[in-house]
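The structure appears below as structure tokens.
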Amino acid sequence: MTTDPALPGATASPPPPRIFLRPLATPLPLGFLGLAVATFVLSGLQLGWVPVGQAHQVALVMVAFAFPAQLIAALYGFLCRDAAAATGMGVLAGTWLTLGLITLGSPPGATSETAGLLLLAAGLVLFVPAVATVPSKGVAGVVLFTAALRFLLTGAYQYGGGSSWKTAAGVTGAVLAAFALYAALALELEGQRRRTVLPTLRRGGSTGAAPGTAVQDEALGREPGVRGEL
Numbered sequence: 001m002t003t004d005p006a007l008p009g010a011t012a013s014p015p016p017p018r019i020f021l022r023p024l025a026t027p028l029p030l031g032f033l034g035l036a037v038a039t040f041v042l043s044g045l046q047l048g049w050v051p052v053g054q055a056h057q058v059a060l061v062m063v064a065f066a067f068p069a070q071l072i073a074a075l076y077g078f079l080c081r082d083a084a085a086a087t088g089m090g091v092l093a094g095t096w097l098t099l100g101l102i103t104l105g106s107p108p109g110a111t112s113e114t115a116g117l118l119l120l121a122a123g124l125v126l127f128v129p130a131v132a133t134v135p136s137k138g139v140a141g142v143v144l145f146t147a148a149l150r151f152l153l154t155g156a157y158q159y160g161g162g163s164s165w166k167t168a169a170g171v172t173g174a175v176l177a178a179f180a181l182y183a184a185l186a187l188e189l190e191g192q193r194r195r196t197v198l199p200t201l202r203r204g205g206s207t208g209a210a211p212g213t214a215v216q217d218e219a220l221g222r223e224p225g226v227r228g229e230l
């Protein structure tokens, strides 16, 4: 019961709380494009398209291009409350940064057991966000699975595998670049057109994640943020 504040000794009811919403665009296209560039350039080195003497330049691409793009995608992914996608981007960002720094500190063409263990571990832990992502965002999950395979193959080569491992890693990396480019384009078109243009294999609650769709807009008044899914 509300008391009239004009009466002596009366107290006014506090105003209802207000929630201010800040629209957030999906950061996944940025993260996938950073992944596409890094894995393609590394594949060029592994497949002989780039001279071995330019290995340090390839490392600079990992550190200066891929790492910041995927770090931004990870941070905004957590702000969008999509922990699986954000975790995947975070693992990718840390892996590219560390691998790039190891490569910068090594002679061109040299392999490293430390880099091998890093990539093997990164490939294994990347299966965690990949498995969590596939049921709702199929295309994004496929990209993360392929990235995990790419890291495992490169790790096997770095840890002492033969040239066949390097070739397999390079080919897988080129395929990963194509997958990541498609995923980035599909999600970017979805964000701009406010509808699905290219198949993204969304299922469950993720089907309403495109901005402007009725499923997501209906709940805006009850959510602490605009996006519940990327």
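Numbering (my numbering), first residue to last: 1 to 230.
From the three backbone atoms N, C-alpha and C, an ideal C-beta is built for every residue, glycine too.
Because the structure is a prediction, the values reported are computed rather than measured.
Three-state secondary structure (DSSP) at residue i?
i: Asp217; result: For Asp217, the predicted model reports a pLDDT of 49, less than 50, meaning its position is unreliable and no value from the coordinates is stated.
i: Arg202; result: strand
i: Gly90; result: helix
i: Pro224; result: Residue placement at Pro224 cannot be trusted, given a pLDDT of 44 that sits under 50; the coordinates are not used to answer.
i: Gly109; result: coil
i: Leu124; result: helix
i: Ala84; result: helix
i: Gly212; result: In this predicted model, Gly212 has a pLDDT of only 49, less than 50, meaning its place in the structure is not dependable; the value taken from the coordinates is given anyway. Three-state DSSP puts Gly212 in coil, outside helix and strand.
i: Leu24; result: coil
i: Val134; result: coil
i: Thr2; result: Caution applies to Thr2, whose pLDDT of 49 falls short of 50 and renders its modelled position unreliable; the model cannot decide the point.
i: Leu230; result: coil
Which two residues bound the contiguous alpha helix (DSSP H) that contains residue i?
i: Trp165; result: Ser163 to Arg193
i: Pro51; result: Neither: Pro51 is in no alpha helix (DSSP H) and is coded neither H nor E.
i: Pro29; result: Leu28 to Gln46
i: Tyr157; result: Gly138 to Gln158
Under the assumption that residue i contacts residue j (Cβ atoms under 8 Å), give the Cβ distance between them as a whole number of angstroms.
i: Ala140; j: Thr133; result: 5 Å
i: Thr154; j: Ala174; result: Not a contact, Cβ separation roughly 13 Å.
i: Thr111; j: Ile102; result: The pair is not a contact, with the Cβ atoms about 10 Å apart (cut-off 8 Å).
i: Gly44; j: Val50; result: 4 Å
Return yes when the Cβ of residue j is within less than 8 Å of the Cβ of residue i, no when it is not.
i: Leu176; j: Ala85; result: no
i: Thr95; j: Phe179; result: no
i: Gly88; j: Leu144; result: yes
i: Val37; j: Phe65; result: yes
i: Pro27; j: Gly105; result: no
i: Leu35; j: Ala147; result: yes
i: Ala69; j: Leu126; result: no
i: Thr167; j: Leu47; result: yes
i: Leu99; j: Leu118; result: yes
i: Leu30; j: Ala73; result: yes
Fill in: 4-residue-minimum alpha helix (DSSP H) runs that sit fully inside the region 50-82, ordered along the chain
55-61 and 67-79
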